[in-house]
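In the working numbering, the protein residues as written are 1 to 173.
Glycine residues also receive a C-beta, built at the ideal position from the N, C-alpha and C atoms.
In structure tokens:
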């Protein structure tokens, strides 16, 4: 009976472990001015094109991300092919990043309204130039049921071994 309760408890834990939290991010302050929500397994992106009137101008764009759950988000800044932008500075939460190696991972800590910002600065060399900024929240699955099964079995085995040792000690005395 006791083993059945243990097995039932492990099955209940395994069932709840399948319900993973999804990442929810808000994409705000885009130059195009809309807000998008990023859920688990989704990718959001913002591209910004520069018209003829902006050639030779300096630009500064800010983007913000808001998290409501624990998540890993991969951020990428890509200059679109055949484009002529001179990106001079990228900051992520105030920390300067090196351009062409912008592949940072952000680990949310579960706090409500955890906000992060990205700022992109540079100059425009040609009309029609654009860049693409993406945020990807594809969360990898954790095999929790397998871990529960393996560690639960090992733990149950250790309990059985310790009971046999206790029984052996009482018989030899």
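Assuming residue i is part of the beta strand (DSSP E), what are its boundary residues?
i          : result
residue 86 : 85 to 92
Excluding the five sequence neighbours on either side, which residues of its own chain have a C-beta within less than 7 Å of the C-beta of residue i, listed in chain order?
i           : result
residue 86  : 122, 123 and 125
residue 163 : none
Please check the pair residue i and residue j, which I expect to be a contact at CB under 8 Å, by giving their CB distance rounded to whole angstroms.
i          : j          : result
residue 97 : residue 91 : 7 Å
Kindly list the residues whose CB is nearer than 6 Å to the CB of residue i, restricted to its own chain and excluding five residues on each side of it in sequence; keep chain order.
i           : result
residue 118 : 63 and 92
residue 57  : 124
Given residue i, which residues of its chain have a CB within under 8 Å of its CB, disregarding the five upstream and five downstream residues?
i          : result
residue 60 : 119, 120 and 121
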